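Structure, as structure tokens:
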Amino acid sequence: MAMPQNSTRENGFCFTQPLDFSCPSPRPGEAGRTLGAVSGRDGCSTPLSNGIAPSGATSPSDSCAEPLCTPTPAEEETPFEEGIKYVSAEGEELACGWGGFTPGCLQLCNTSKGVLFFLCVASFLQGMTVNGFINTVITSIERRFDLRSYQSGLIASSYDIAACVCLTFVSYFGGNGHKPRWLGWGMLVMGLGSLLFALPHFTTGRYEARSAAEVGICGGNQSLPCSQAASSLSGYRFVFMLGQFLHGMGATPLYTLGVTYLDENVKTNYSPVYIAVFYTAAILGPAAGYLVGGMFLNIYTEIGREIDIAPENTLWVGAWWIGFLGAGAASLLISIPILGYPQRLPGSQRYIVMRVSEAHQLKDGSHKKASDPNFGKTVKDLPRSVLLLLKNPTFIFLCLAGATEATLIAGMSTFGPKFLESQFSLSASEAATFFGYLVVPAGGGGTFLGGFLVNKFKLRCSGIIKLCLLCTVSSLLAIFIFFIHCPNMPMAGVTQMYNGSALPGGHLNLTAACNAQCGCLQETYSPVCGSDGIMYYSPCHAGCKRVSENLRNGKKVYHECSCVDRALLPGPGNAEPGKCTSSCAKRPLLLCFMFVVILFTFLSSIPALTATLRCVSDRQRSFALGIQWIVVRTLGGIPGPIAFGSMIDKSCLLWQDQCGEQGSCYVYQNSAMSRYTLVAGLVYKVLGTTFFIVACLLYKPPPPESAPGSSDASENGTSDLQEHKPSLPAEEDI
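For the sequence shown, position 556 matches number 556 in the UniProt record's numbering, and the numbering has no gaps at all.
What follows is the structure, given as structure tokens:
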């Protein structure tokens with residue numbers, strides 16, 4: 001059978017018409033002839049056989065009358081030597097389009113960079129929706145639909161539950177199927193989930209902000225209802241859970257099949273950079289979600305209706321639903337181009353042919369089963385595929401290391417703003433902004449830099465694991481910064497007595513002679529900062545009897561506060577709502593080292609992912625990522641916030657009192673919070689370091705003499721098997 005010659009650019013075989021290989025078998029001497037464009041109507045055999053390309057064969061310029069891309073001179077003549085085999089593509093269509101509709105203009109996007117662009121948009125939308133909008137609007141949803149905290153927690157967890165349920169199925173069957181179709185349908189499902197999440201706004205009546213009597217000042221109406229009838233609106237939590245479940249189902253292919261599709265269609269050296277760009281977009285998504293979602297929350301949920309309360313009011317509900325409508329529509333649109341991509345990009349066969357296997361070598365040789373082209377196409381191979389991964393110690397310990405890093409990332413992303421809020425006496429919005437300034441450059445920059453380093457130094461699997469180890473040790477050393485903490489701002493009745501003396505035994509005492517006649521309730525927590533620089537639980541607990549509005553800035557000012565001492569003049573002082581400003585001199589040092597911890601934590605993410613892809617066989621890559629995501633979510637992502645939350649709760653000084661029941665924590669002891677954060681960070685960083693060390697020690701690469709040819713470069717920057725074959729055409733600049 002006649003063999004097609006190399007008429008490719010960096011990622012494409014160019015043919016004007018489909019090739020017909022059903023012609024009579026050629027004579028033995030014809031194996032090296034140039035194959036022209038042939039129109040095919042009858043049944044075709046495989047377009048790429050397992051024949052051997054002869055040495056010195058050239059690539060004809062007339063094999064593509066209207067090429068998708070113009071080959072460079074270096075690509076027009078590419079010699080191949082004996083020993084290089086073509087992989088069967090089984091007559092698949094490599095054009096970009098939908099069914100028979102494959103216009104030429106679409107083929108401009110039928111490249112690795114085109115795929116990267118659309119997958120980056122998809123990961124950006126996923127991050128913005130799930131990790132941005134959801135976290136931003138969860139409080140507004142609780143208020144609007146009368147949900148309790150554990151109910152909103154179930155809504156948030158529905159995403160991870162759906163992902164864990166679907167990962168095995170999607171990664172196993174999708175990994176051996178048409179990946180772009182799985183990805184496109186996944187984005188379609190995720191878009192439907194976003195639209196469903198916004199649906200309750202349109203199916204419920206108008207939101208009526210219940211006006212309440214003025215409470216908070218001494219002598220005001222302090223009565224608060226302790227029990228309210230269960231609202232029928234709380235049933236909408238099941239709609240939100242279903243929307244989150246669809247989010248989880250739709251996003252499952254993105255970080256398993258999307259990663260392997262990129263890895264399969266680019267040169268091995270450039271794969272970490274492509275994956276790093278993909279994950280950087282996923283990290284920037286939540287940042288955009290926080291910013292855009294926060295803007296929408298400043299708009300009243302009933303658009304066009306005038307209301308006399310401000311966004312700072314506890315009864316305010318912002319337009320939480322707008323972001324989900326936009327994200328849902330965008331997800332539906334981005335699914336269309338993704339569905340049009342072929343199963344593999346034109347020209348990707350040569351990357352597969354020239355790839356060196358770096359899969360861990362099992363002693364019993366069972367890893368060779370995964371090299372069978374028919375392996376993994378049926379359900380009966382699923383147990384054997386799982387067993388092969390379980391017998392791969394490098395893969396197992398990389399999964400465990402990823403779980404420890406995911407625990408830290410999930411815990412810090414959840415409680416990082418709370419840590420800054422407590423240490424620096426910030427408001428919740430200010431703490432979230434500070435944390436965003438840390439995470440976006442450190443997380444996004446670290447993710448991209450990790451992929452760049454793997455490509456720059458041409459690292460192999462063992463070198464990549466050592467890079468991960470170096471990053472983990474660096475962040476482990478930086479985490480000792482949590483020995484440092486900022487002192488608590490003085491708070492009357494909580495950190496000290498009203499007369500400034502220490503609290504006996506650390507017990508709360510919010511009542512003093514100055515506010516004994518006010519009848520203050522502990523349920524009404526509204527901290528104020530007195531003119532004496534001391535914080536008070538509420539205007540009532542500060543003994544304030546009158547409130548006015550500052551005409552210059554529009555803020556409230558409480559007057560005649562009997563518990564607040566004036567600095568120079570005798571008599572009661574004033575107080576302003578909010579916390580007192582902290583002047584902690586250690587703030588720059590803490591922020592700097594927190595930046596370092598986040599940077600090195602994310603710096604190891606792409607190298608660890610790349611090592612996972614390389615330590616397993618090619619046919620198991622998607623399935624291996626799926627199993628890894630299950631391990632990371634079940635051992636890291638889901639329990640991470642719980643572990644961090646339980647440790648931080650031990651440092652609580654002041655708990656919310658909901659009619660005799662303990663609620664959330666109002667005030668933390670900064671020294672204890674830093675100490676517990678240090679303990680949690682050290683435990684997980686030491687575990688991560690140990691797992692990377694074991695993975696590196698147990699990794700057994702294939703023997704060099706048995707490895708096929710590759711365009712990859714070794715760790716010292718030279719081609720592994722240059723003496724056996726010439727190098728391939730250079731990949732285009734990235």
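Beta carbons are placed, not taken as given, at the ideal position from N, Cα and C, and that holds for glycine. Please read all numbers here as calculations on a predicted model, not as lab measurements.
If residue i sits next to residue j, beta carbons under 8 Å apart, how far is it from one beta carbon to the other, in whole angstroms?
i    : j    : result
Y536 : C518 : With a Cβ gap of about 12 Å, Y536 and C518 do not count as contacting.
W629 : T394 : Not quite, the Cβ-Cβ distance comes to about 17 Å (not below 8 Å), so this is no contact.
I606 : P272 : 6 Å
I481 : F595 : Not quite, the Cβ-Cβ distance comes to about 10 Å (not below 8 Å), so this is no contact.
S422 : M187 : That belief does not hold up - the Cβ atoms of S422 and M187 are roughly 39 Å apart, past 8 Å.
R633 : C166 : Actually they do not touch by this definition, with Cβ atoms about 11 Å apart.
Tell me where the beta strand (DSSP E) around residue i begins and ends.
i    : result
C529 : V528 to G530
K556 : K556 to D565
V596 : Segment R587 to L603 is the alpha helix (DSSP H) holding V596; no beta strand (DSSP E) there.
S548 : R546 to E549
Taking CB distances under 8 Å as the criterion, tell me whether residue i reaches chain B.
i    : result
T256 : Here there is only one protein chain, and chain B is not present.
Cα separation between residue i and residue j?
i           : j    : result
N176        : A281 : 26 Å
M128        : L508 : 41 Å
D381        : I479 : 44 Å
T168        : R621 : 12 Å
L687        : T407 : 11 Å
residue 738 : K650 : Since the first residue of the chain shown is 1 and the last is 734, residue 738 is not available in this structure.
M647        : K267 : 45 Å
I138        : Y300 : 16 Å
M412        : A287 : 15 Å
W655        : S538 : 14 Å
F202        : L254 : 30 Å
H541        : G493 : 9 Å
L333        : I161 : 26 Å
E302        : N131 : 25 Å
T252        : S674 : 35 Å
residue 735 : M489 : Examination of residue 735 is not possible in this model, given that the chain is present from 1 through 734 alone.
Q522        : P337 : 57 Å
L476        : A695 : 18 Å
G153        : S583 : 35 Å
C561        : A516 : 13 Å
G640        : F424 : 24 Å
N298        : F483 : 38 Å
L503        : G645 : 26 Å
L195        : V631 : 30 Å
Looking at the unbroken alpha helix (DSSP H) that takes in residue i, where does it start and where does it end?
i           : result
A282        : S271 to L297
E142        : I134 to F145
residue 735 : Nothing can be reported for residue 735, as the shown portion of the chain is limited to 1 through 734.
S671        : N670 to L698
F452        : G445 to K456
L183        : K179 to T203
Q628        : R621 to V632
D649        : P639 to D649
C471        : C461 to A478
V317        : No alpha helix (DSSP H) holds V317; DSSP gives it neither H nor E.
R344        : Unbroken run through R344: none, as it is neither H nor E.
L389        : L382 to L390
With a CB to CB cut of under 8 Å and the five nearest residues on each side skipped, what residues in its chain are close to residue i?
i    : result
G258 : L119, A122, S123, K179, L183 and F278
Y172 : G376, L382, S385, S622, F623 and G626
I283 : G127, V439, V440, G443, G444, T447 and F602
R181 : L339
Considering only residues of the same chain and omitting the five flanking positions on each side of residue i, which have a CB-CB separation below 7 Å?
i    : result
S706 : Confidence is the limiting factor: at S706 the pLDDT is only 47, short of 50, which leaves the residue's position unreliable and the question unanswerable from this model.
L420 : L426, A431, F434 and F435
V292 : G323
A410 : G636, G637, G640 and P641
Apart from the five residues on each side of it in sequence, which residues of its chain come closer than 6 Å, Cβ to Cβ, to residue i?
i    : result
P527 : M535 and K579
S548 : V557
P200 : Y236 and V239
P417 : A431, A432 and F435
H559 : R546 and N574
I693 : none
G289 : M128, G132 and F133
N499 : none
(Q) Please give me, in chain order, every unbroken run of the alpha helix (DSSP H) with length at least 4 that falls completely inside the segment 231–272. (A) 237–251 and 257–264
Q: Tell me the start and end of each unbroken alpha helix (DSSP H) in the segment 94–134 that is at least 4 residues and wholly inside, in chain order.
A: 112–126
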